[in-house]
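Those protein sequence lines, which keep their order, are chains A and P. Per our numbering, the first sequence starts with residue 14, numbered consecutively. Per our numbering, the second sequence starts with residue 14, numbered consecutively. Worksheet: the structure to be examined is printed underneath.
2 protein chains.
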Amino acid sequence: MMNEKTNSQDEARGTPGFLPLYRQVKSLLVRRISERFWQPGEILPSEMQIAAELGVSQGTVRKALDEMTADRLLVRRQGRGTFVARHDESRILFQFFKIVPETGIPVFPESHLRRVETAPASPEEVARLALRPGDSVIRIARIRSLNGRPTISEYLALPLERFPGLVSQADIPNNLYDHFASDYGITIAGGDESLRAMAAPAEDAALLGIPEGTPILAIDRVALDLDGKPVEWRYSLCDTRHCHYVSGLR
Amino acid sequence: MMNEKTNSQDEARGTPGFLPLYRQVKSLLVRRISERFWQPGEILPSEMQIAAELGVSQGTVRKALDEMTADRLLVRRQGRGTFVARHDESRILFQFFKIVPETGIPVFPESHLRRVETAPASPEEVARLALRPGDSVIRIARIRSLNGRPTISEYLALPLERFPGLVSQADIPNNLYDHFASDYGITIAGGDESLRAMAAPAEDAALLGIPEGTPILAIDRVALDLDGKPVEWRYSLCDTRHCHYVSGLR
DNA sequence: TAGTGGTCTAGACCACCGG
DNA sequence: CGGTGGTCTAGACCACTAG
């Protein structure tokens with residue numbers, strides 16, 4: 014059982030560490046997903062079964078599942094069941110890829126890999142990825158195209174420790190977040206981006222086929238896993254002459 | 014009463030126009046706010062009172078209020094009550110103003126008004142604001158400063174019909190969305206932004222004190238009211254040498 | 001102390017889905 | 001048909017706030 018009637022065995026409601034029962038249920042279920050007890054795409058037990066297992070009511074389980082659905086961790090389908098969300102292209106497109114071509118129709122970009130290397134983390138990488146000094150990172154450089162047009166020059170840094178064997182792979186997949194989930198059990202749950210305009214450096218300009226100094230959009234992203242720990246630092250230089258970055262205010 | 018037991022007097026559940034009871038309650042409450050039956054900052058009746066008035070259960074009212082809270086339309090305070098959200102600076106800062114100075118500490122910008130005029134809407138304004146050809150708009154140009162540094166050259170277009178008397182006001186307030194709410198009963202509920210990098214035009218560059226052609230961030234926003242109708246078209250040219258645009262991915 | 005929102009429970013009926 | 005999630009209800013106890 015998760016609990017007795019009145020939270021008697023837990024911290025009392027007023028105390029700082031208190032979590033409502035449905036949050037405790039949520040934490041437990043999130044932990045099961047992050048530890049791959051349930052895989053992406055897999056169906057969860059029904060609300061009634063989870064409730065019975067944990068000794069709480071169906072309504073409490075429902076509230077936990079509803080929050081996880083809002084967090085895009087789960088997908089619920091009436092009449093079918095509740096499933097662990099996949100990192101398929103449509104989800105990535107909707108949640109993480111905010112660059113839209115002039116047509117207004119979102120498309121998943123193709124990638125051309127330029128470099129993959131392993132190196133000791135720079136001070137900036139240590140800071141962005143919350144590493145210890147001396148830790149190593151995997152660095153990836155690639156060019157991403159929208160509808161066949163080279164548009165984004167992208168640089169990534171990943172903690173080597175969390176992605177063993179990634180550098181030695183024959184090809185690094187285009188949909189990285191799906192790969193992180195399926196091969197490393199790491200779910201990208203969110204992130205923070207900061208954007209600014211700058212003049213295109215010579216190297217990136219050449220790669221994108223634009224004059225050096227052309228105004229480009231620089232996107233600096235740190236992606237976070239289910240525990241809120243930094244997993245990826247991504248720096249994208251984007252030629253916005255034929256596309257734009259969309260952001261909803263709600 | 015809102016309803017009989019099984020939605021018998023409404024469209025059946027399977028039909029296209031069907032809305033669950035808590036959504037009907039939400040619509041009604043949103044309409045009351047948009048019609049200023051309840052003013053910003055005002056307290057709503059308690060859940061039990063609303064439930065009794067509408068002939069539904071407290072749980073149904075709660076679900077409607079929870080969604081409206083998630084939409085930032087309401088603020089709930091335990092032990093006090095439920096209040097209509099205000100467009101105060103902290104809310105604007107959090108929800109609509111995504112430009113953050115290098116310090117990382119969000120600040121509300123100061124404004125220096127340049128021009129206010131009334132004119133027939135251009136074709137682009139007609140499209141962005143969903144106007145009829147021949148409708149008029151109010152155009153505002155202003156410079157916005159962050160920590161005393163001129164940073165944003167901003168242009169706004171508003172439907173004249175919805176803001177009578179705005180142009181003749183002695184001074185147009187800095188916090189426009191708060192003004193829209195308090196003087197015109199128009200609540201800005203959300204919006205869509207699209208961003209790109211471009212070279213600073215001569216006039217804006219001069220106003221911002223930067224060389225012509227400097228890369229700047231162009232932000233194109235359409236702000237929407239509670240009914241999802243366009244209320245404002247805003248075009249901001251931002252010198253991002255000392256600030257950046259932040260965007261959360263969740 | 002009275003009233004509010006926050007949490008939790010138990011049970012009911014529904015639409016949707018698959019076999 | 002049986003099982004799933006989606007909705008709705010009724011009632012309980014709690015913590016927080018105001019007066």
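Quick reminder that beta carbons are idealized off the backbone N, C-alpha and C, glycines included. Bear in mind the structure is a predicted one, so any value in this text is a computation, not a measurement.
Inset, instruction - For L42/P, I'd like the list of residues in its chain whose CB is within less than 7 Å of its CB, leaving aside the five on either flank, ordered along the chain. - result: A77, M81
Legend entry - Simplified DSSP assignment, three categories, for H255/P: coil
Legend entry - Within 7 Å of chain A by C-beta, residues of the stretch 222-243 of chain P in sequence order: P228, I229, L230
Inset, instruction - Could you run through the stretch 185-214 of chain A and flag, in chain order, every residue whose CB is less than 7 Å away from some CB of chain P? - result: G203, G204, D205, E206, S207, L208, R209, A210, M211, A212
Inset, instruction - Return the CA-CA distance between G203/A and K111/A, expressed in angstroms with no decimal places. - result: 13 Å
Inset, instruction - Rounded to whole angstroms, what's the CA-CA distance from T227/A to I229/P? Just pull it up for me. - result: 11 Å
Inset, instruction - Pick out whichever of K242/P, R152/P, A236/P has its Cα sitting closest to the Cα of I185/P. - result: R152/P
Inset, instruction - Quick one: which residues of the stretch 88-114 of chain P get their C-beta closer than 7 Å to a C-beta of chain A? List them in chain order. - result: Q108, F109
Legend entry - H311/A - DSSP class collapsed to helix/strand/coil: Residue coverage of chain A in this structure runs from 14 to 263, which leaves residue 311/A outside it and unanswerable.
Inset, instruction - Please name the residue, chosen from K39/A, R254/A, V74/A, A213/A, that lies closest to A231/P on a Cα-to-Cα basis. - result: R254/A
Inset, instruction - Give a yes or no on whether 8 Å exceeds the smallest Cβ distance from T164/P to chain A. - result: no
Legend entry - Short Cβ contact (8 Å threshold) for E123/P with R145/P: no
Legend entry - Neighbour-count burial assignment, F193/P, 16 or more Cβ in a 10 Å radius: buried
Inset, instruction - May I have the straight-line CA-CA distance separating S103/A from V113/A, to the nearest angstrom? - result: 14 Å
Legend entry - Straight-line gap, E17/A to Q91/A (C-alpha atoms, nearest Å): Unreliable positioning characterises E17/A in this predicted model, as indicated by a pLDDT of 40, which lies under 50. A coordinate reading is not provided.
Legend entry - Own chain, CB closer than 7 Å to A132/P, minus 5 neighbours either side, in chain order: S149, V150, R152
Legend entry - Runs of beta strand (DSSP E) lying entirely within the stretch 149-217 of chain A, each at least 3 residues, in chain order: 149-159, 162-172, 201-212
Legend entry - CA nearest to the CA of S135/A, picked from G94/A, P172/A, S195/A: P172/A
Inset, instruction - Let me know the alpha helix (DSSP H) ranges lying completely inside the stretch 99-138 of chain A, each 4 residues or longer, listed in chain order. - result: 102-108
Inset, instruction - Report yes or no: is there a C-beta of chain A within less than 8 Å of the C-beta of V259/P? - result: yes
Inset, instruction - Measure the Cβ-Cβ separation of F107/P and E55/P and say whether it is below 8 Å. - result: no
Inset, instruction - Taking C-beta pairs closer than 9 Å, name the residues in chain A that T253/P reaches, listed in chain order. - result: L208, R209, A210, M211, A231
Legend entry - Proximal residues of chain P, C-beta to C-beta of L142/A below 7 Å: Per Cβ cutoff of 7 Å: no residues; L142/A is ~17 Å from chain P at best.
Inset, instruction - Taking only beta-carbon positions, decide if L262/P is within less than 8 Å of chain A. - result: yes
Legend entry - Nearest candidate by alpha-carbon position, reference L86/P, set Q52/P, K242/P, C251/P, G72/P: Q52/P
Inset, instruction - Take G3/P as the anchor and find which of L67/P, T73/P, L57/P, N160/P has the nearest alpha-carbon. - result: No answer is possible for residue 3/P: the residues shown for chain P start at 14 and end at 263.
Inset, instruction - From the DSSP output, in three-state form, read off V69/A for me. - result: coil
Legend entry - Between the CA atoms of Q37/A and R36/P - distance to the nearest angstrom: 28 Å
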